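Since the structure comes first, as structure tokens, the remarks are kept for the end.
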Amino acid sequence: MNYNSIERELNAIGVSCKKETPIAPYTTFRIGGNADLLCLIDSLPQLHDAILICKKHKIPFKVLGGGSNVLVSDKGFRGVIIINKAKGWEILEDAEIADLKGQTLHRHEASETIRPLQEGQEKIVVRVASGMKVPALMNALFAEDISGLELFAGIPATVGGAVYMNMHGAKLFFGDLLAQAQILTADNEVHNVSQEYFQFDYDYSILHETKETVLSCDLVLTKGQSAEAKALAKEWIQKKKIQPQRSAGCLFQNLTQEQQKQLGYPTPSIGYVIDKVLGLKGKTFDGAKISESHAAFIENIGGATANDVLFLINEIKKQMLLKTGIALQTEVEFVGEMN
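Rendered as structure tokens:
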């Protein structure tokens, strides 16, 4: 396919584009083939317009943020990869404070040792561009004495990606903080939608089905407690230091409470299961390895391909089904055509 006209239109709105460009450097796995066209987005208007240009030309596209929860095919992506780097945030002074309640059941025990901040503090609404990295936002808000994101410390996700996956830190889910979001719909309209629209669940939002794009989010956070929040963030980062860096994060969902009870395991941690039950911790296949430090992670130990990672994913799934009868669900999103 000739991308010259698309590239010209994208350049005209200030978007930097590269043809036949590796996607790997834009993912935490550092794995993936070339995109037919890769674009770097710096603003929400650019994000909006770039998507409309792709749709006008009927070209497949995929928006990536921090690239922390994806495995990109060795064959790359036939279409346009849009790297969302749209940053910025503002306090909505006169916003009505929504009474939000988390609806997602957690599957963690590690958070029991993390001391939660006190409830009942003054709430504040912050509007954030979807391409802003969550750790950068957290630190910027700390400087303004605003807390609430500390349990997401150390996770290299963007705000848009955090909504898409309903990212979790300890027992807190990102969707728990979302009052509303501005999205670009499949009909190319910009809508403001509430928390309920997303139908948040464990590692899930309705965006998985609708393929709509988050432009910005209104988050209900806390005014004050930034010193305590910084200390909590530091403590949480220390606990997560064992997690490998050249990976896509935890690749499998933890066990449900029902599954844990059925199997009689002391924890719902899938890392525990892969290590102690399946005995696969440390197993390697070419450049990929089931992590020694956290068995729910697969590491790129040097030159790993998507196929290497898929081999280990499938081995874990196969052994889990054989030994427990449970079909594991992956957390990672697959981009491009997989073998």
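Numbering (my numbering), first residue to last: 27 to 365. Don't be surprised by glycine CBs; every beta carbon is placed ideally from N, CA and C. Values in this document were obtained by computation on a predicted structure and should not be read as measured data.
Secondary structure note for leucine 338: its alpha helix (DSSP H) is the uninterrupted segment 332-350. Assigned with DSSP and collapsed to three states, aspartate 75 falls in helix. When C-beta atoms of the region 317-337 are compared with those of the region 267-276, three or more pairs fall below 8 Å, so the two segments count as touching. Only residues of its own chain outside the window of five on either side were considered, and among them Ser156, Phe200, Gly201, Leu204, Ala207, Phe224, Ser231, Leu233, Val240 and Cys243 have a CB closer than 8 Å to the CB of valine 189, listed in chain order.
Nearest to lysine 149 by alpha-carbon distance, out of Asn165, Met158, Gln355 and Gly174, is Gly174. Taking the C-beta atoms as reference points, phenylalanine 103 is found nearer than 8 Å to isoleucine 49. If one requires a minimum length of 3 residues, the beta strand (DSSP E) runs lying completely within the region 51-111 are 60-67, 87-90, 96-98 and 103-110, in chain order. Restricting attention to Leu97, Asp100 and Gly92, the CA atom closest to the CA of alanine 162 is found in Gly92. By the neighbour-count criterion, in which 16 or more other beta carbons inside 10 Å mark a residue as buried, proline 294 falls on the buried side. The criterion of a C-beta distance shorter than 8 Å is not satisfied by asparagine 365 and asparagine 340. For cysteine 43, DSSP records a beta bridge to Cys65. A direct Cα-Cα distance of roughly 7 Å separates isoleucine 181 from valine 160.
Secondary structure within the region 208-290: the beta strand (DSSP E) runs of 3 or more consecutive residues, fully enclosed, are 216-220 and 239-249 (chain order).
For asparagine 326, the three-state secondary structure derived from DSSP is strand. Leucine 289 sits close to threonine 350, with the two beta carbons spaced by under 8 Å. Taking C-beta atoms under 8 Å as the contact rule, glycine 329 and glycine 305 fail to qualify, at a distance of about 26 Å.
Here leucine 163 carries a helix assignment [DSSP, helix/strand/coil].
According to the DSSP assignment, isoleucine 32 belongs to the alpha helix (DSSP H) that extends over 30-38. In the three-state scheme derived from DSSP, where H, G and I count as helix and E and B as strand, isoleucine 300 is classed as helix. Valine 96 sits close to valine 361, with the two beta carbons spaced by under 8 Å. For the options Ala253, Gln345, Phe311 and Ile352, the alpha carbon positioned closest to that of lysine 287 is the one of Ile352. No residue range can be given for valine 358, since it is assigned to no alpha helix (DSSP H) and is classified by DSSP as neither H nor E.
Counting the other Cβ atoms within 10 Å of the Cβ of serine 31 gives fewer than 16, which makes it exposed. In chain order, Ile32, Glu35 and Leu36 place their CB closer than 7 Å to the CB of isoleucine 79, counting only its own chain and leaving out the 5 sequence neighbours on each side.
For the pair isoleucine 172 and lysine 256, the CB atoms are not nearer than the 8 Å cut-off.
Residue range 314-316 is occupied by the beta strand (DSSP E) that includes alanine 314. Cβ-Cβ distances below 7 Å link lysine 101 to Gly59, Gly362 and Glu363 in the same chain, with the five nearest sequence neighbours on each side left out; the list follows chain order. By the beta-carbon neighbour count (other beta carbons within 10 angstroms, threshold 16), methionine 346 is buried. Straight-line spacing of the CA atoms in aspartate 75 and serine 69 works out to 10 Å. Taking the Cα positions, lysine 267 is about 28 Å away from serine 99. Beta bridge pairing from DSSP links threonine 184 with Lys159. Serine 220 counts as exposed, since fewer than 16 other C-beta atoms from the protein chains shown sit within 10 angstroms of its C-beta.
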